[in-house]
Amino acid sequence: WIAGIKLVEFANVVIPLKIDIRANTADGQGTIFDATFSAVDMDGNASDPIVVVEDIAVVDGKFEIAFDMATLPAAYSPSFSDVVFSPVIAAEIQNADFFCGKVTGRVDTFDQELVASTFGAAPFGSTTTPPTDCSGEGPPMFDRIETCPALAPGRNTMFPSAGFERTFDLYLPEGADPADPAPLIFLWHGLGGDADEFIARTEMDTYVDDLGFVLVVPTSMQGGVEWDQLTLDDNPDLTFFDDMVTCVTEQYNVDTDRIHATGLSAGGLFSSYLGIQRPAVLASVAPFSGGFLAGYPDPEPTIPYMVSWGGEMDLAFDQNFHELAMRMIGTLTENGHGLVTCNHNMQHVWEAEFTPWALRYLFDHPKGADAPYAAGLPEVFPDYCNFVQ
């Protein structure tokens, strides 16, 4: 069987698993002697077994499979790092070629309970896209905002987006000529953080007046991955970004050729994701401890990236951000992107001293910039930064 576990708590990412079942059942009754689970990669190749569960009772077409602390191997994980999970799979047989149901339990690596996840299973080889629930419906689509609420400097709450009330902080440059279009920067915090913590860490707000830019610092909904970035499906956080762009550019004089994204960890991953999902909106992207996850398409070659990370010990939640950085640099180089790399070797951090050169990179890369660093990096950049191409 090929099963798709849709982790709703992790932005609906789908984990494909191969399940080999030996059973004796008839009319919805009987026993599954053993169910052997293997991970499946993007090419449909199965791993060695990751867990075997034995002696599972089937009653009225229903059965439950639970296992503890199984490891999804790095080569089969969306983040290219091992992920430990302990699911409880409550299944119901729909017909001879389909069973499905709910998934509870937890993803131990991220200390995240599963309460609303789902799965579906079909014969292995019968489909390239495994079912993920009992409905057979595709992913949801979200409406974009039509009427913007009045925004104000400071914390904006109850901002309507994708059916939720969202929050973001808005910083406007004092003393700037309102007739001059200003750059707009989105700053995305990491897992377990918030806007207040990240502004205090980066001190980016202290540069708004002198450099004359608009700064938006969104607050997440505190989900399992902080920002929806694990699939390319439409999602509430992508909608939130679109709606903030719509409303901020509608109410303030923003230079739409200078809209940028940056962030750390989950925020760095989401900045990387936005570069792929919104190449027509963003001028440049500067992820810190970010990267491209499994299943992402190649990014548009028009988007310049600055890739910053903390060396081989850049680890968080047992995830290897050094590996993500290496993969990202390889992908960008192969696809002809303008690219600056900065290995600060300080592990999984954004120090306030990074902010001046992060801002300089973004400001020097509006839409249409023609390799401004081909002759060398400006002096504000530390020695560990390099222009790649």
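The sequence shown begins at 2 in the numbering used here and counts up by one.
Ideal placement from N, C-alpha and C gives every residue a C-beta, glycine not left out.
- DSSP places M329 in the uninterrupted alpha helix (DSSP H) bounded by F322 to E335.
- Our two residues, T37 and D371, have alpha carbons roughly 54 Å apart in a direct line.
- The beta carbon of P219 is closer than 6 Å to those of F169 in its chain, skipping five residues each way along the sequence.
- Rounded to the nearest angstrom, the gap between the Cα atoms of S80 and G292 is 9 Å.
- Counting along the chain, E114 sits inside the beta strand (DSSP E) bounded by residues Q113 to A123.
- Excluding the 5 residues flanking it on each side, P237 has same chain C-beta neighbours closer than 8 Å at F143, S162, A163, G164, F165, M222 and D229, in chain order.
- In the DSSP assignment, S272 falls within the unbroken alpha helix (DSSP H) covering A267 to Q278.
- In the three-state scheme derived from DSSP, where H, G and I count as helix and E and B as strand, C135 is classed as coil.
- Three or more pairs of CB atoms, one per stretch, sit closer than 8 Å, so the segment 259-275 contacts the segment 183-194.
- For D299, the three-state secondary structure derived from DSSP is coil.
- Following the DSSP letters along the chain, one finds V209 inside the alpha helix (DSSP H) bounded by residues V209 to L212.
- Excluding five sequence positions before and after P154, the CB atoms of its chain that fall closer than 7 Å to its own CB belong to L171, Y172 and L173, given in chain order.
- Excluding sequence positions up to five before and after N387, its CB lies within less than 6 Å of the CB of T342, all in the same chain and listed in chain order.
- Beta-bridge annotation (DSSP): K368 is not paired with any residue.
- In terms of Cβ geometry, A92 and F64 form a close pair [threshold 7 Å].
- In the three-state DSSP reduction, L185 falls in the strand class (E or B).
- A direct Cα-Cα distance of roughly 12 Å separates M327 from L294.
- If you ignore the 5 residues before and after T232, its C-beta comes within less than 8 Å of the C-beta of A12, N13, V14, V15, P140 and G296, all in its own chain and listed in chain order.
- Beta-bridge annotation (DSSP): M307 is paired with V341.
- When the five nearest sequence neighbours on each side are left out, the beta carbons in the same chain lying within less than 6 Å of the beta carbon of S285 are those of H261, P305, L363 and H366, in order along the chain.
- Bounds of the alpha helix (DSSP H) holding E198 are A196 to T203.
- The beta carbon of Y274 lies closer than 7 Å to those of Q230 in the same chain, with the five residues before and after it left out.
- Segment contact: the segment 118-136 against the segment 201-210, fewer than three CB-CB distances shorter than 8 Å; contact not assigned.
- Nearest in C-alpha terms to V282, of all of I94, V108, F34 and D258, is D258.
- Taking the Cα positions, E380 is about 26 Å away from E313.
- For P161, the enclosing beta strand (DSSP E) has its first and last residue at G155 to S162.
- Assignment of Y385 by DSSP, reduced to helix, strand and coil, places it in the coil class.
- About 6 Å separates the CB atoms of F86 and A71; that is less than 8 Å, so the two are in contact.
- Under the DSSP definition of a beta bridge, Y172 partners with L216.
- Beyond the five residues adjoining it in sequence on each side, V255 comes within less than 7 Å, by CB distance, of P182, A183, L185, V215 and V249 in the same chain, given in chain order.
- In the three-state DSSP reduction, C101 falls in the strand class (E or B).
- Under the three-state reduction of DSSP output, T37 falls in the strand class.
- Taking 8 Å as the upper bound for CB-CB distance, G5 and F120 are in contact here, some 6 Å apart.
- In summary, P17 is buried, with 16 or more beta-carbon neighbours lying within 10 Å of its beta-carbon over all protein chains present.
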